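Colleague: Chains A and B, in that order, are what the protein sequence lines are.
According to my numbering, the first sequence is numbered sequentially starting from 245.
According to my numbering, the second sequence is numbered sequentially starting from 147.
We put the beta carbon where it would ideally sit given N, CA and C, even for glycine.
Predicted model only: the values in this text are computed from it and were never measured.
Got a structure for you, written out below as structure tokens; questions coming shortly.
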Amino acid sequence: MNIVVFIKQVPDTNDVKWTQNNNIDRTKMDSIINPVDKQAIEAALRLKEAYSANITAITMGPSKSLEVLKEAIALGVDDAAILTDSKFSGSDTCATSRVLAAAVKEKFPDTDLILFGQSAIDGETSQTGPSTAVRLGYPFVCHINEIVEINNNKIIINTETETYKEVLEIQMPAVLCISNYVFKPRIPKIKGYIKSQDYNYKSYNIYELNISETQTGVKGSPTYVSCVYKTDDDRNCKMIYAKDNDNFANEIMMEIKEIMGH
Amino acid sequence: MEPNGILIYGELTENYGIRPVVKQLLSKAVELKEKIWNQRIMVCIIGPRMNYEKIIYELGKYGADEVVIISDNRITEYNRNYFPKFFTEIAKKYPPRIILIGATVQGKEIASYTATKLDTGLTADCTNLDIGENNLLLSTRPTFGGQLTADILCRTFPQMATVQENVFKEKEIEHTATAIFSWFDINEEENKIKIIKSTKKETKSKDLATAKIIVAGGKGACKDNGFALIYQLAQKMKASVAGSREAFELGYITKSQQIGQTGKTVAPELYIAVGISGASQHLTAIKNSGKIIAVNKDVNAPIFKQADIGIVGDLFEVLPELIKNFETVNKEENDE
């Protein structure tokens, strides 16, 4: 069985650095592997242990994104490829999914299963996995909580919606988007680290993936950002200090009464 | 055909009623329609064969001009083989300028499928929608974990957006809708996804979407029975209990009680955040609340920026005092 895991390098949004003009200072921010993508890798590794499989991690981004592939190899992934070309830069989810689908079609046509993390912490659209699946003509299911078994080219999984817990049987090849709390990532082994240093990373550009320039990057993206600004939700908070204030509970009660209108 | 109007996905609840997000999207669509002249608002519903009169009437009241109904007896619940395909077919048959879909599990799957099939742009989890330059849809959404807000436009038609439940407010108007009935062939043998088992989730707490008061706990409450205090306070205030991602991961609340971008968006009259420092995703999900009270030990916690009342103190000292006070209030009300 051939498994592809798509992973993404993202800025660490838990530790945002600002310039004096309220812009994000990307140069001072750390780049990390999107956390849930590590869980998608873990899901693939567990499948490999149960059914034997070849796992390829693929990322799209500038050459710096190679760091996340190194992490994937260290964790135990067999192969890794970067889709990199200056013409890819500025792609929205629509244009990104064209590149990812092209990579599967052109370079990994024998893929049986494709895993994504449910969403990325920088964009949080949850669209890239499903969109890639649709372009490949594969079925997709999001919010995967458990992979039960694989049998006769069919994969049985647990998922959930707002109101139902579901057990589904999906015809492979298929795309699964992995929930962000079920597959706890393992710690890489020394052997993995060594392999990640020696491994010959595959790299594909726009021509090798047979993509037209009008289909990707800023040119190929239907959506564009017209304006970005720092989120300002300041409500002018009224502070009540509980320490050394015998009356704080009464003060709070007065406020609650006023809010609730009685 | 020149694209016309706004198409909305009319998601049904498990009891075949209309999900609140559909009415909320309709009310927003009515606002948008006033800015783009001579456009229709259409809702597409997919469900079993049944009487849709009440639903059509209801959707009309919130501003729908036309309701397209695709019904089949084999459709008893959300089915990934049919729903995205059928909705896309309707979008092809009646090409709209704008498509709006609730950012629910099925809504997001349908939106991704349709946007890809129509090769157009899709903006997820919008917090506001407006008409911008050249009469284009201006979608506003948080990005960068909520730290930044982006205004996004789309250069292709239809322009698509998803919106979480309770981001917009629903508003009734005097209006009626007409119905269009449509059918598609179903060939079950072609299905690539088979439902083996489907069980309805148990919901212990009151639905957060309709709660007037919510008491929520975060990491600070995930020790020494902090959540027991939260449940006690909620009971005294007749409030619902919710929590942050940490509270869910540590098992203090269920997934349906989790607030944040991977959980729910809420808009109660009063939101009380206890021991929640205020990750940007959490702040985005509660920003439409009427009033926000935050209890936190750390005076620099980001939650205070978005709170109306900030209580700086140890929750294990603050909550017991409040519980005691509400006991007195409730007793007085009972005596009256």
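Could you tell me whether any Cβ in chain A is nearer than 7 Å to the Cβ of B/Cys300?
Modeller: As a working note, residue 300 of chain B is residue 154 in the second sequence. It does; some Cβ of chain A falls within 7 Å.
Colleague: Given a cut-off of 7 Å, decide if B/Phe303 and B/Lys174 are closer than it, judged by their beta-carbon atoms.
Modeller: As a working mapping, residue 174 of chain B is identified with position 28 in the second sequence. As a working mapping, residue 303 of chain B is identified with position 157 in the second sequence. With contacts defined by Cβ atoms closer than 7 Å, B/Lys174 and B/Phe303 do not form a contacting pair.
Colleague: Determine the contact status of A/Ile507 and A/Thr257, defining contact as a CB-CB distance below 7 Å.
Modeller: Past the edges of chain A, shown from 245 to 506, lies residue 507 of chain A, and the structure says nothing about it.
Colleague: So is B/Ile376 buried or exposed if we call it buried at 16+ other beta carbons inside 10 Å?
Modeller: Residue mapping note: residue 376 of chain B aligns to position 230 of the second sequence, counting from 1. Within a 10 Å sphere around the beta-carbon of B/Ile376 sit 16 or more other beta-carbons, which makes this residue buried.
Colleague: Thinking just about the alpha-carbon of each residue, which of B/Val420, B/Asp454, B/Ser426 is nearest to the one in B/Phe462?
Modeller: Residue 462 of chain B sits at position 316 when you count from the first residue of the second sequence. The shortest Cα separation from B/Phe462 among B/Val420, B/Asp454, B/Ser426 belongs to B/Val420.
Colleague: Just to check my reading of the structure: B/Gly459 and A/Lys487 have Cβ atoms closer than 8 Å, yes? What is that Cβ distance to the nearest angstrom?
Modeller: Numbered from its first residue, the second sequence carries residue 459 of chain B at position 313. Numbered from its first residue, the first sequence carries residue 487 of chain A at position 243. Right, the Cβ-Cβ distance comes to about 6 Å (below 8 Å), so this counts as a contact.
Colleague: Taking 6 Å as the limit between beta carbons, can you name the residues of its chain near A/Glu390, skipping five residues before and five after?
Modeller: Here residue 390 of chain A corresponds to residue number 146 of the first sequence, with the count starting at 1. Cβ within range, chain order: Asn402.
Colleague: Skipping 5 residues on each side, what residues in its chain have a beta carbon closer than 6 Å to that of A/Ile400?
Modeller: For the purposes of this step, residue 400 of chain A is taken as residue 156 along the first sequence, with counting starting at 1. So the qualifying residues of the chain are Val392, Glu393, Glu413.
Colleague: So that I know if they touch, is there some Cβ in chain A lying closer than 7 Å to that of B/Glu160?
Modeller: Translated into positions along the second sequence, residue 160 of chain B becomes position 14. Yes, B/Glu160 lies at the interface with chain A (some Cβ there is under 7 Å from its Cβ).
Colleague: Taking all protein chains shown into account, decide if A/Asn278 is buried (16 or more other Cβ within 10 angstroms of its Cβ) or exposed.
Modeller: Start at 1 with the first residue of the first sequence, and residue 278 of chain A comes out as number 34. A/Asn278 comes out buried.
Colleague: Can you name the residues that DSSP bridges to A/Tyr468?
Modeller: Counting from 1 along the first sequence, the entry for residue 468 of chain A is found at position 224. DSSP output for A/Tyr468 lists B/Leu299 as bridge partner(s).
Colleague: Which whole-angstrom value describes the C-beta separation of A/Ile302 and A/Ala347, a residue pair presumed to lie in contact below a C-beta threshold of 8 Å?
Modeller: Working through the first sequence from its first residue, we reach residue 302 of chain A at position 58. Working through the first sequence from its first residue, we reach residue 347 of chain A at position 103. Their Cβ separation, rounded to whole angstroms, is 6 Å, which keeps A/Ile302 and A/Ala347 in contact under 8 Å.
Colleague: Could you tell me the distance, in whole angstroms, from the CA atom of B/Arg301 to the CA atom of B/Gln381?
Modeller: Here residue 301 of chain B refers to the residue found at position 155 of the second sequence. Here residue 381 of chain B refers to the residue found at position 235 of the second sequence. The straight-line gap from Cα to Cα measures roughly 50 Å.
Colleague: Check the Cβ-Cβ distances between B/Gly209 and every residue of chain A, and say whether any is below 7 Å.
Modeller: Within the second sequence, numbered from 1, the residue matching residue 209 of chain B stands at position 63. Cβ-Cβ to chain A under 7 Å: no for B/Gly209.
Colleague: Does the CB of B/Gln293 have a neighbour CB from chain A at under 7 Å?
Modeller: For the purposes of this step, residue 293 of chain B is taken as the residue at position 147 of the second sequence. Cβ-Cβ to chain A under 7 Å: yes for B/Gln293.
Colleague: Using the three-state DSSP reduction, which class does B/Arg287 fall into: helix, strand or coil?
Modeller: By 1-based counting over the second sequence, the position of residue 287 of chain B is 141. B/Arg287 falls in the strand class under three-state DSSP.
Colleague: Could you check how far apart the C-beta atoms of B/Gln305 and B/Ile236 are, in whole angstroms? I think they sit under 8 Å.
Modeller: As a first step, residue 305 of chain B must be located in the second sequence, where it is residue number 159. As a first step, residue 236 of chain B must be located in the second sequence, where it is residue number 90. That belief does not hold up - the Cβ atoms of B/Gln305 and B/Ile236 are roughly 17 Å apart, past 8 Å.
Colleague: I want to verify the contact list: residues of chain A whose CB lies under 8 Å from the CB of B/Ser344, in sequence order.
Modeller: On the second sequence, residue 344 of chain B is found 198 positions in, with the first residue counted as 1. Neighbours of B/Ser344 on chain A, chain order: Tyr408, Lys409, Glu410, Val411.
Colleague: From the DSSP output, which residues share a beta bridge with A/Ala418?
Modeller: Taking the first residue of the first sequence as position 1, residue 418 of chain A is located at position 174. A/Ala418 is bridged to A/Leu357.
Colleague: Could you check whether the stretch 333-348 of chain B touches the stretch 273-282 of chain B, counting it as contact only if at least three pairs of C-beta atoms, one from each stretch, sit closer than 8 Å?
Modeller: no
Colleague: Span of the alpha helix (DSSP H) holding B/Val167?
Modeller: The residue you call residue 167 of chain B lines up with position 21 of the second sequence. The continuous alpha helix (DSSP H) containing B/Val167 extends over residues 166-181.
Colleague: Give every residue of the same chain whose Cβ lies closer than 8 Å to the Cβ of B/Asp271, excluding the five residues on either side of it in the sequence, and list them in chain order.
Modeller: Walking along the second sequence from the start, residue 271 of chain B turns up at place 125. So the list reads Ala249, Arg287, Pro288, Thr308, Val309, Gln310, Gln407, once near-sequence residues are dropped.
Colleague: With a 10 Å radius around its C-beta and 16 neighbouring C-beta atoms as the bar for buried, classify A/Val249 as buried or exposed.
Modeller: Numbered from 1 along the first sequence, position 5 holds the residue referred to as residue 249 of chain A. With 16 or more other Cβ atoms within 10 Å, it is buried.
Colleague: Which whole-angstrom value is the C-beta distance of A/Ser335 and A/Thr460, which I expect to be below 8 Å?
Modeller: Here residue 335 of chain A refers to the residue found at position 91 when the first sequence is read from its first residue. Here residue 460 of chain A refers to the residue found at position 216 when the first sequence is read from its first residue. That belief holds up - the Cβ atoms of A/Ser335 and A/Thr460 are roughly 6 Å apart, short of 8 Å.
Colleague: Suppose the cutoff is 6 Å on Cβ atoms and the five residues either side in sequence are ignored; what does the same chain contact list for A/Leu327 look like?
Modeller: Position 83 of the first sequence holds residue 327 of chain A. Excluding sequence neighbours, A/Leu327 sits near Met304, Val343, Ala347, Tyr448.
Colleague: Check each residue of the stretch 246-262 of chain B: if its Cβ is closer than 8 Å to any Cβ of chain A, include it; give the result in chain order.
Modeller: Among the residues of the stretch 246-262 of chain B, those with a Cβ less than 8 Å away from any Cβ of chain A are Thr250, Val251, Gln252, Lys254, Glu255, Ala257, Ser258, Tyr259, Ala261, Thr262, in the order of the chain.
Colleague: Quick one, are the C-beta atoms of B/Gly436 and B/Glu415 less than 7 Å apart?
Modeller: Position 290 of the second sequence, counted from the start, is the residue given in the question as residue 436 of chain B. Position 269 of the second sequence, counted from the start, is the residue given in the question as residue 415 of chain B. The beta carbons of B/Gly436 and B/Glu415 sit closer together than 7 Å.
Colleague: Which of the three DSSP states, helix, strand or coil, is assigned to B/Gln403?
Modeller: Against the second sequence, residue 403 of chain B aligns to sequence position 257. B/Gln403 falls in the helix class under three-state DSSP.
Colleague: Looking only at C-alpha atoms, which of B/Ile221, B/Ala323, B/Arg220 sits nearest to B/Ile187?
Modeller: As a position in the second sequence, residue 187 of chain B is number 41, starting the count at 1. With distances taken between Cα atoms, B/Ile187 lies closest to B/Ala323.
Colleague: I'd like to know whether the C-beta atoms of A/Leu319 and A/Leu359 end up nearer to each other than 7 Å.
Modeller: Locating residue 319 of chain A in the first sequence gives position 75, where the first residue counts as 1. Locating residue 359 of chain A in the first sequence gives position 115, where the first residue counts as 1. No, the Cβ-Cβ distance between A/Leu319 and A/Leu359 is not below 7 Å.
Colleague: Alpha carbon to alpha carbon, what distance is there between B/Asp481 and B/Val475?
Modeller: Stepping through the second sequence from its first residue, residue 475 of chain B is reached at position 329. Stepping through the second sequence from its first residue, residue 481 of chain B is reached at position 335. Their backbone Cα atoms lie some 10 Å apart in a straight line.
Colleague: Helix, strand or coil for A/Phe384, going by three-state DSSP, please let me know.
Modeller: Working through the first sequence from its first residue, we reach residue 384 of chain A at position 140. Correct three-state label for A/Phe384: strand.
Colleague: Classify A/Tyr382: buried if its beta carbon has 16 or more other beta carbons within 10 angstroms, exposed otherwise.
Modeller: Against the first sequence, residue 382 of chain A aligns to sequence position 138. Counting C-beta atoms within 10 angstroms of its own C-beta, A/Tyr382 has 16 or more neighbours from the protein chains shown and is therefore classed as buried.
Colleague: Using a Cβ-Cβ cutoff of less than 8 Å, which residues in the same chain neighbour B/Glu392 once the five nearest sequence positions on both sides are dropped?
Modeller: Walking along the second sequence from the start, residue 392 of chain B turns up at place 246. Shown here for B/Glu392: same chain residues with a beta carbon closer than 8 Å to its own, the five before and five after excluded, namely Gly364, Lys365, Cys368 in chain order.
Colleague: Between the Cα of B/Thr411 and the Cα atoms of B/Gln404, B/Tyr417, B/Lys238, B/Ala431, which residue gives the shortest distance?
Modeller: Against the second sequence, residue 411 of chain B aligns to sequence position 265. Ranking the options by Cα distance to B/Thr411, first place goes to B/Ala431.
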